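S.K.: Here the sequence shown is numbered in this note's numbering, starting from 1376 and rising by one per residue.
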Amino acid sequence: MTNIETQQILINHGLLDPPADGLWGAQCRAALEDFQSMHQLPVTGQLDDATCSLLKEAPVSQINLGADIASKIISFMLKQNYFISRGPNRYNIVYLEGANADGTLNNDAFNEWNDVRFVIEIPENTPKIVGKWLATTEPGATYTFNPMNPGGAFRIAVGQYRAWRFGRHGRTQYPALVQCGEISGYRDKNQDGKRTGDPFVTGDNFGVNQHHGWDMQFIDNASAGCLVGKSIEGHQDFMEILRGDSPKGIPSDRRYQLTSSPA
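1) Just checking my contact of T1512 with S1635 at CB under 8 Å: how many whole Å lie between their CB atoms?
2) Alpha carbons only, please: which of P1514, F1529, G1478, T1547 is nearest the one belonging to W1508?
3) Fully enclosed by the region 1493 to 1569, which alpha helix (DSSP H) runs are 4 residues long or longer?
4) Would the beta-carbon of I1504 fall within 7 Å of that of I1495?
5) Here's the rule: buried if 16 or more other CB atoms are within 10 angstroms of the residue's CB, otherwise exposed. What is M1376?
6) Going straight from the alpha carbon of R1404 to that of E1487, what length do you get?
7) From P1574, A1538, Q1566, T1547, pick the residue whose C-alpha is nearest to that of I1558; which is it?
8) Which runs of the beta strand (DSSP E) fall wholly inside the region 1436 to 1477 and span at least 3 residues, in chain order?
9) Within its chain, find whatever has a CB closer than 6 Å to the CB of I1379; leave out the 5 residues flanking it on each side and keep chain order.
10) Are the Cβ atoms of G1527 and R1562 separated by less than 7 Å?
11) Considering only residues of the same chain and omitting the five flanking positions on each side of A1476, which have a CB-CB separation below 6 Å?
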């Protein structure tokens, strides 16, 4: 069994971040150890005969979905064929647009904190929310009308991106997830606070980070196009949860993936 074949199976089980690139490192070993543990095999991190056999034969467990908001989000991700992290301490970052913390819709008004940042875990095939915070996926009034880019303020497109790693943000250099990969979105050239008709752009150097919004009442200058949690404390909790998502030995430059979803 090749490295790529093994990686793809572990990805299918939600234990390894995509893509399957054939490079075998600490994250692959940790995923293989989790697979062995889940199937009551000796946890060696090695591709022995028993492990190879089970990798080929073991079906991917079905996710138990209910009527709760975590299940609805995971159901959407399944329909879109998005990657879903599974297992204890493996987290899915999801931004739900135009929604309240309970998943109900709101009017998604301009310059207001009316999106939700979720962290979802699927420890035993049942999704659960381990964190949720008011957030925004769009720029505030300040940078919509005074964009840093002449093409207009950036707003991320609905989709899934693996493009962030631990880093520092802002003048005070506090912990955040900083962009390190390619994402797509729109430039609000006509400054109407909407995506409709806006130019579509893709790039890896937009500076679209995941940070906090200083507990501001309105978004205003808290976002120039970043993915921002409203509260300082909530963002600190978010980062602390993610620190538990890096098994021992995995490099600190690991990339994190998020899903941006309509409500």
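Using N, Cα and C, we set each Cβ at its ideal position, and we do this for glycine too.
Note that the structure is predicted; figures quoted are calculated from it, not measured.
M.R.: Let me spell this out:
1) Taking the sequence shown and counting its residues from 1, the one referred to as residue 1512 is at position 137. Taking the sequence shown and counting its residues from 1, the one referred to as residue 1635 is at position 260. So it is a contact: roughly 6 Å between Cβ atoms.
2) Indexing the sequence shown from 1 puts residue 1508 at position 133. W1508 has its Cα closest to that of G1478, out of P1514, F1529, G1478, T1547.
3) Qualifying alpha helix (DSSP H) stretches, in chain order: 1516 to 1520.
4) Counting from 1 along the sequence shown, the entry for residue 1504 is found at position 129. Counting from 1 along the sequence shown, the entry for residue 1495 is found at position 120. For I1504 and I1495, yes; Cβs fall inside 7 Å.
5) Taking the first residue of the sequence shown as 1, we reach residue 1376 at position 1. So M1376 ends up on the exposed side.
6) The residue given as residue 1404 occupies position 29 in the sequence shown. The residue given as residue 1487 occupies position 112 in the sequence shown. Between R1404 and E1487, the alpha-carbon positions lie close to 43 Å from each other.
7) In the sequence shown, the residue the question calls residue 1558 occupies position 183. Comparing Cα positions, the closest option is A1538.
8) With a minimum length of 3 residues, the continuous beta strand (DSSP E) runs that stay inside the region 1436 to 1477 are 1462 to 1472.
9) Position 4 of the sequence shown, counting from 1, holds the residue named residue 1379. Around I1379: A1395, G1397.
10) Looking up residue 1527 in the sequence shown gives position 152. Looking up residue 1562 in the sequence shown gives position 187. Yes. Within cutoff.
11) For the purposes of this step, residue 1476 is taken as residue 101 along the sequence shown, with counting starting at 1. Residues V1491, K1507 of the same chain have their beta carbon placed closer than 6 Å to that of A1476, with the five preceding and five following residues left out of the count.
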